[in-house]
Amino acid sequence: MAEPHGELNAELDRLYAARFHDEERESKAQLWRIICDAFFSEYVPQNGCVVDLGAGYCDFINNVQAKRRIAVDLNPDTTRFAARDVEVYRLPLERLSEVIEPGTVDLAFASNVFEHLRGPDALLHVLGNVRTVLRPGGRIMIMQPNVRLVGGAFWDFFDHTLPLSERGMTEALEVAGFRVVECRARFLPYTTKSRLPQWGFLVRLYLRLRIAQLLLGKQMLVLAERLG
Numbered sequence: 000m001a002e003p004h005g006e007l008n009a010e011l012d013r014l015y016a017a018r019f020h021d022e023e024r025e026s027k028a029q030l031w032r033i034i035c036d037a038f039f040s041e042y043v044p045q046n047g048c049v050v051d052l053g054a055g056y057c058d059f060i061n062n063v064q065a066k067r068r069i070a071v072d073l074n075p076d077t078t079r080f081a082a083r084d085v086e087v088y089r090l091p092l093e094r095l096s097e098v099i100e101p102g103t104v105d106l107a108f109a110s111n112v113f114e115h116l117r118g119p120d121a122l123l124h125v126l127g128n129v130r131t132v133l134r135p136g137g138r139i140m141i142m143q144p145n146v147r148l149v150g151g152a153f154w155d156f157f158d159h160t161l162p163l164s165e166r167g168m169t170e171a172l173e174v175a176g177f178r179v180v181e182c183r184a185r186f187l188p189y190t191t192k193s194r195l196p197q198w199g200f201l202v203r204l205y206l207r208l209r210i211a212q213l214l215l216g217k218q219m220l221v222l223a224e225r226l227g
């Protein structure tokens, strides 16, 4: 996660422990295992370096294969949940380039992260850091709530501060020196507590059927490539 407001920094573990109880967390982890296997793995370079921005409970980074895997988050629980061979850095995303060598990352992944930033300036700062650590042609993949679709429900989580649609995200990426190569306004439902089917075969079917995503999707998926 990027650096949150005030005392929220010290309360991240309590916040997410309250938001996701043990049973919900395990259900969410199982869902991510399926999504990574059925969808995200196609975007991950197995011989490359992958960074999970705002990794949280490491549901993404633990379930993809890469030569080097890195998790970055302020949440102290990230270290506990990370797989043994995952490097963990506990610091704000604004300081990403302090711990990762420039031009060494093939893919940066951010799921439900940028809506927690303090504003457009913070987003551009983070994207600038991501661009620095990406190799030329490296990519960033972003999944997060599409405010154009979720509407007022965006504010159901008190730590949401930066509402963006897929159009706003595309604009920010272009300003930061990226070229968008894939953009889905509708991908997954808003939360894992929503109507996304939880059975493995139904999740895989959902990921193959764009019509299902067009009906139920409230989160955007944007893939962009570093220019220069």
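Residues in the sequence shown are numbered from 0 upward in steps of one, following numbering that gives the first Met the number 0. Using N, Cα and C, we set each Cβ at its ideal position, and we do this for glycine too. Fair warning: this is a prediction, and the values are worked out from it, not measured in the lab.
Discussion item. Assess contact between the segment 93-111 and the segment 133-149, defined as three or more Cβ pairs (one per stretch) separated by less than 8 Å. Is contact present?
Written reply: yes
Worksheet item: Would DSSP call Met0 helix, strand or coil?
Response: At Met0, the pLDDT of 49 sits below 50, so the modelled position is not reliable; the number obtained from the coordinates is stated separately. Met0: coil per DSSP, three-state reduction.
Item to complete: Check whether the Cβ atoms of Gln218 and Met142 lie closer than 7 Å to each other.
Response: yes
Practice prompt. Just the C-alpha distance for Arg225 and Leu122, rounded to the nearest angstrom, thanks.
Written response: 16 Å
Discussion item. For the beta strand (DSSP E) containing Phe177, name the first residue and the last one.
Written reply: Phe177 to Arg183
Worksheet entry | Of the listed residues Leu126, Ser164, Asn74 and Ile60, nearest to Ile34 (C-alpha basis) | Ile60
Practice prompt. Give me whichever residues DSSP pairs with Cys48 in a beta bridge.
Written response: Arg67
Discussion item. So for Val87, helix, strand or coil by DSSP?
Written reply: strand
Worksheet item: On the three-state DSSP scale, how would you describe Gln197?
Response: coil
Item to complete: Express the C-alpha separation of Tyr189 and Phe156 in angstroms, rounding to a whole number.
Response: 12 Å
Discussion item. Could you pull the DSSP bridge partners for His141 from this structure?
Written reply: Rather than His, the amino acid found at residue 141 in this sequence is Ile. Looking at the DSSP assignment, Ile141 forms a beta bridge with Ala109 and Val221.
Item to complete: Count the other CB atoms, across all protein chains shown, that sit within 10 Å of the CB of Asp232; report buried if there are 16 or more and exposed otherwise.
Response: The structure shown does not extend to residue 232, since the chain is modelled only from 0 through 227, so no value can be given for it.
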